[in-house]
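Quick notes on the structure that follows.
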Amino acid sequence: MSKRIDVADLNVYYGNFLAVEDVNINIDAKTVTAFIGPSGCGKSTFLRTLNRMHEVIPGARVEGKVMLDGDNLYGSGVDPVTVRSQIGMVFQRPNPFPTMSIRDNVLAGIKLNNKRISKSDADGIVESSLQGANLWNEVKDRLDKPGSGLSGGQQQRLCIARTIAVKPEVILMDEPCSALDPISTLAIEDLINELKNDYTVVIVTHNMQQAARVSDKTAFFNIAGTGKPGKLIEYAETATIFSNPSVKATEDYVSGRFG
Ligand SMILES: Nc1ncnc2c1ncn2[C@@H]1O[C@H](COP(=O)(O)OP(=O)(O)OP(=O)(O)O)[C@@H](O)[C@H]1O
Ligand SMILES: [Mg+2]
Numbered sequence: 275m276s277k278r279i280d281v282a283d284l285n286v287y288y289g290n291f292l293a294v295e296d297v298n299i300n301i302d303a304k305t306v307t308a309f310i311g312p313s314g315c316g317k318s319t320f321l322r323t324l325n326r327m328h329e330v331i332p333g334a335r336v337e338g339k340v341m342l343d344g345d346n347l348y349g350s351g352v353d354p355v356t357v358r359s360q361i362g363m364v365f366q367r368p369n370p371f372p373t374m375s376i377r378d379n380v381l382a383g384i385k386l387n388n389k390r391i392s393k394s395d396a397d398g399i400v401e402s403s404l405q406g407a408n409l410w411n412e413v414k415d416r417l418d419k420p421g422s423g424l425s426g427g428q429q430q431r432l433c434i435a436r437t438i439a440v441k442p443e444v445i446l447m448d449e450p451c452s453a454l455d456p457i458s459t460l461a462i463e464d465l466i467n468e469l470k471n472d473y474t475v476v477i478v479t480h481n482m483q484q485a486a487r488v489s490d491k492t493a494f495f496n497i498a499g500t501g502k503p504g505k506l507i508e509y510a511e512t513a514t515i516f517s518n519p520s521v522k523a524t525e526d527y528v529s530g531r532f533g
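For the sequence shown, the working numbering assigns the number 533 to the last residue and increments by one with no breaks.
Quick look at the structure:
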């Protein structure tokens with residue numbers, strides 16, 4: 275488990291609109307990488323290209339390469355469904371299936387991939403995934419209750435459990451804490467810190483303290499103006515980005531002197 279991602283010369287389009295231009299980035303296995311930058315600079319758009327979620331939008335396409343341990347995810351014959359099971363995604367709003375039980379929510383991704391599993395294998399996956407998401411102790415006595423009965427923070431950890439259950443190599447998270455209270459946010463941050471023992475994690479966040487707390491490396495994206503493409507401006511160790519960035523725009527953004 276856990277692979278590296280190397281992106282080369284990536285352009286991302288919505289129809290004719292070039293939303294993100296010429297990204298080159300190398301993300302090591304078993305690290306946490308934060309994507310930061312102002313609203314509209316293309317963080318979510320770029321993140322979605324990393325597991326081929328971008329192309330489900332009509333007219334959306336990419337140019338360039340995204341390599342998972344050297345294999346181009348956009349190579350001919352590569353199945354996007356397989357890509358999405360190797361590179362899982364957690365969204366801004368916790369999105370468990372509301373009427374499904376906690377147990378079935380954890381197993382939902384596996385069933386989507388058409389894998390048949392025995393009851394005892396399923397029980398094992400449910401327990402280990404919920405443990406991996408730091409949720410097991412809170413829900414082990416109510417696995418058959420609906421996922422919607424959990425708090426927002428618990429629902430987000432349930433979504434992380436669902437992502438872990440398919441045994442991905444990489445976990446992408448788009449502002450996973452923005453709908454959560456501070457305590458749940460810290461619980462997710464602790465969890466991210468543990469996840470990197472087993473997975474490569476990429477997180478989009480607007481919260482500078484969060485980026486500083488959870489990530490090893492930070493990528494700052496920016497946009498020159500409306501209608502212009504977003505670009506990767508600077509990518510370095512998180513401590514460097516926050517204390518000694520090389521680009522003025524990075525410094526302005528991380529110190530709050532922006533827009
Ligand atoms: N489905 C879409 N169709 C067309 N354009 C889109 C679509 N989604 C995003 N865009 C455009 O692409 C650009 C980048 O948007 P994106 O959502 O990736 O930014 P972001 O950095 O994630 O912003 P935020 O911090 O507000 O989430 C914006 O100009 C946006 O309007
Ligand atoms: Mg976004």
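All C-beta atoms, glycine included, are put in the ideal place defined by N, C-alpha and C.
query	result
Any non-hydrogen atom of ligand 2 within 7 Å of V478 CB	yes
Check whether N285 and E337 have beta carbons under 8 Å apart	yes
Simplified DSSP state of E412, which is helix, strand or coil	helix
Cβ neighbours of P372 in the same chain (closer than 6 Å, five flanking residues each side left out)	S422
Buried or exposed (CB count within 10 angstroms, at least 16 for buried), N379	buried
Closest by C-alpha distance to A439, when choosing among D455, A396 and P354	A396
Reduced DSSP secondary structure (H/G/I, E/B, other) of A523	helix
Nearest to E412 (by Cα), restricted to the options I376, I477 and F494	I376
Limits of the unbroken alpha helix (DSSP H) element including A439	G426 to A439
Near ligand 2: K317 beta-carbon under 7 Å from a heavy atom	yes
Span separating the alpha-carbon of K389 from that of V444	20 Å
Cβ neighbour criterion (16 or more within 10 Å) applied to I434	buried
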